[in-house]
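Residue numbers (my numbering): 1 to 320.
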């Protein structure tokens with residue numbers, strides 16, 4: 001009788017002490033395995049289907065009453081909801097891209113500051129956030145394509161500059177902003193706050209937060225579930241970093257949050273790989289969290305002043 005046959009016989013008819021022990025341990029092992037798989041699946045679901053923040057305000061709450069609600073389709077015809085906030089006719093438009101577990105309404109104070117300075121604005125809810133469909137997000141796998149759809153839609157208008165636009169984004173919005181700008185030469189200026197290197201890195205970060213424990217096995221199971229849902233289409237961090245070479249000649253400002261060391265290190269790595277021209281500002285708190293009073297005003301001034309310097313409302317005529 002070979003070893004496998006003996007093991008099977010011991011499981012079916014345990015007679016020896018070893019067989020009886022094995023007979024008791026296998027159900028426990030299976031239960032533990034199922035528990036671990038269940039935790040990995042739970043983490044994946046909570047990450048790709050974040051709880052939605054209610055949009056209790058709109059641009060009219062900030063006296064931006066001439067805004068337009070614009071529904072549009074992202075990649076794979078996903079229904080998305082946007083707001084166009086006009087200012088100076090023919091001026092550049094700045095796309096404001098909210099972060100993970102956020103929505104467009106949380107950017108209205110920043111939008112108001114931009115609008116006061118003459119910039120047209122477009123804000124929209126990423127998939128799985130705010131009032132956009134569907135239930136789940138993809139952490140940048142499809143969000144960059146959704147942003148490109150928004151860029152094409154808005155730059156086709158006759159009341160904005162067709163050839164010069166800018167993007168501000170935070171976390172998920174920052175990753176999407178960089179990815180979309182690689183594909184669109186209409187984006188001339190970017191401000192990105194705390195972008196991550198890849199959806200995979202962000203999934204593992206979120207897994208630890210969702211489960212309350214930073215465990216390698218659980219993190220990898222959550223990542224496997226995420227990749228399975230997205231048909232393994234997520235771009236690697238190396239591919240993303242290599243793609244940044246396309247952003248030469250585009251002015252870029254990177255902002256980090258010193259309170260989030262893991263995300264700050266990823267942002268610094270992206271900054272180091274990005275081509276010139278580029279600038280870096282390290283803040284104690286950034287838009288990854290809620291900013292109040294002086295910190296909020298300081299942050300908004302930094303962002304808007306960078307756009308005023310690098311994406312002016314009107315191009316100066318060339319002198320010969």
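A virtual CB, placed ideally from N, CA and C, is assigned to each residue, including glycine.
If you run the structure through DSSP and keep just helix, strand and coil, what is residue 190? Walking along the chain shown from the start, residue 190 turns up at place 190. It is a strand residue.
Please state if the CB of residue 109 and the CB of residue 49 are separated by a distance shorter than 9 Å. For the purposes of this step, residue 49 is identified with residue 49 of the chain shown, where counting begins at 1. For the purposes of this step, residue 109 is identified with residue 109 of the chain shown, where counting begins at 1. The answer is no: Cβ separation not under 9 Å.
Roughly how many angstroms lie between the CA atoms of residue 191 and residue 289, to the nearest whole one? Mapped onto the chain shown, residue 191 falls at position 191. Mapped onto the chain shown, residue 289 falls at position 289. Distance between the alpha carbons of residue 191 and residue 289: 17 Å.
Rounded to whole angstroms, what is the Cα-Cα separation between residue 199 and residue 316? On the chain shown, position 199 is the one that residue 199 refers to. On the chain shown, position 316 is the one that residue 316 refers to. If I take the Cα positions, the gap works out to 40 Å.
Around the C-beta of residue 95, are 16 or more other C-beta atoms found within 10 angstroms, so that it is buried, or is it exposed? On the chain shown, position 95 is the one that residue 95 refers to. It is buried - the Cβ of residue 95 has at least 16 other Cβ atoms within 10 Å.
Does DSSP put residue 305 in a helix, in a strand, or in coil? Mapped onto the chain shown, residue 305 falls at position 305. In this structure, residue 305 counts as helix in the three-state DSSP scheme.
Taking the beta carbon of residue 216 as the centre, do at least 16 other beta carbons fall within 10 Å, making it buried, or is it exposed? On the chain shown, position 216 is the one that residue 216 refers to. Under this definition residue 216 is an exposed residue.
Assigned exposure category for residue 226 - 16 Cβ within 10 Å defines buried: Here residue 226 refers to the residue found at position 226 when the chain shown is read from its first residue. Around the beta carbon of residue 226, 16 or more other beta carbons sit within 10 angstroms, so the residue counts as buried.
CB-CB under 6 Å to residue 84, same chain, minus the five flanking residues each way: which ones, in chain order? Taking the chain shown and counting its residues from 1, one reaches residue 84 at position 84. Excluding the 5 residues flanking it on each side, residue 84 has same chain C-beta neighbours closer than 6 Å at 68, 70, 122, in chain order.
Based on the DSSP secondary-structure assignment, which residues constitute the bridge partners of residue 82? Working through the chain shown from its first residue, we reach residue 82 at position 82. BP columns for residue 82 point to 70, 124.
Nearest to residue 271 (by Cα), restricted to the options 131, 260, 129, 256: Reading the chain shown from its first residue, position 271 is the one you call residue 271. Considering only 131, 260, 129, 256, the residue with the shortest C-alpha distance to residue 271 is 256.
Answer yes if the region 158-174 comes into contact with the region 223-239, meaning at least three C-beta pairs across the two stretches below 8 Å, and no otherwise. Under the 8 Å Cβ criterion, the region 223-239 does not count as touching the region 158-174, having fewer than three qualifying pairs.
Tell me whether residue 136 counts as near the ligand COA, meaning its Cβ is closer than 8 Å to at least one heavy atom of that ligand. As presented, the structure is devoid of all ligands, the ligand COA included, so that no description of it is given.
On the DSSP letters alone, give me the boundaries of the alpha helix (DSSP H) that residue 225 sits inside. In the chain shown, counting from the first residue as 1, residue 225 sits at position 225. Counting along the chain, the unbroken alpha helix (DSSP H) around residue 225 starts and ends at 216-229.
For the 8 Å Cβ check, are there 3 or more pairs between the region 267-285 and the region 246-254? With a cut-off of 8 Å, the region 246-254 and the region 267-285 count as touching, because enough Cβ pairs lie within range.
Option nearest residue 89 by Cα separation, candidates 43, 259, 263, 159: Counting from one through the chain shown, the residue named residue 89 turns up at place 89. When only C-alpha atoms are compared, the closest one is 159.
Suppose the cutoff is 7 Å on Cβ atoms and the five residues either side in sequence are ignored; what does the same chain contact list for residue 141 look like? If you number the chain shown from 1, residue 141 lands on position 141. Taken in chain order, the residues that qualify are 199, 230, 233, 234.
Quick check: the region 279-288 against the region 254-268, are there 3 or more CB pairs under 8 Å? Contact between the region 279-288 and the region 254-268 is present, because at least three Cβ pairs lie under 8 Å.
Suppose contacts are defined by Cβ-Cβ distances below 9 Å. Is residue 79 in contact with residue 166 by that definition? Within the chain shown, numbered from 1, the residue matching residue 79 stands at position 79. Within the chain shown, numbered from 1, the residue matching residue 166 stands at position 166. Note that the C-beta distance between residue 79 and residue 166 is not below 9 Å.
Assigned secondary structure, residue 180 (DSSP; H/G/I helix, E/B strand, else coil): As a first step, residue 180 is located in the chain shown; it is residue number 180 there, counting from the start. Shown here, residue 180 sits in a helix according to DSSP, grouped into three states.
Does the beta-carbon of residue 204 have 16 or more other beta-carbons within 10 angstroms, so that it is buried, or is it exposed? Walking along the chain shown from the start, residue 204 turns up at place 204. Around the beta carbon of residue 204, 16 or more other beta carbons sit within 10 angstroms, so the residue counts as buried.
C-beta contact flag for residue 253 and residue 279 at 9 Å: Here residue 253 is taken as the residue at index 253 of the chain shown, counted from 1. Here residue 279 is taken as the residue at index 279 of the chain shown, counted from 1. Taking 9 Å as the cut-off, the beta carbon of residue 253 is found closer than this to the beta carbon of residue 279.
Can you give me the Cβ contacts of residue 153 inside the same chain, cut-off strictly under 6 Å, excluding the 5 residues immediately before and after it? Walking along the chain shown from the start, residue 153 turns up at place 153. Contacts found: 72.
Under 6 Å Cβ to Cβ from residue 129, same chain only, skipping five residues before and after it: list those, please. Mapped onto the chain shown, residue 129 falls at position 129. Once the five neighbours on either side are set aside, the close Cβ partners of residue 129 are 103.
Euclidean distance between Cα positions of residue 161 and residue 295: Position 161 of the chain shown, counting from 1, holds the residue named residue 161. Position 295 of the chain shown, counting from 1, holds the residue named residue 295. Answer to the nearest angstrom: the Cα atoms are 31 Å apart.
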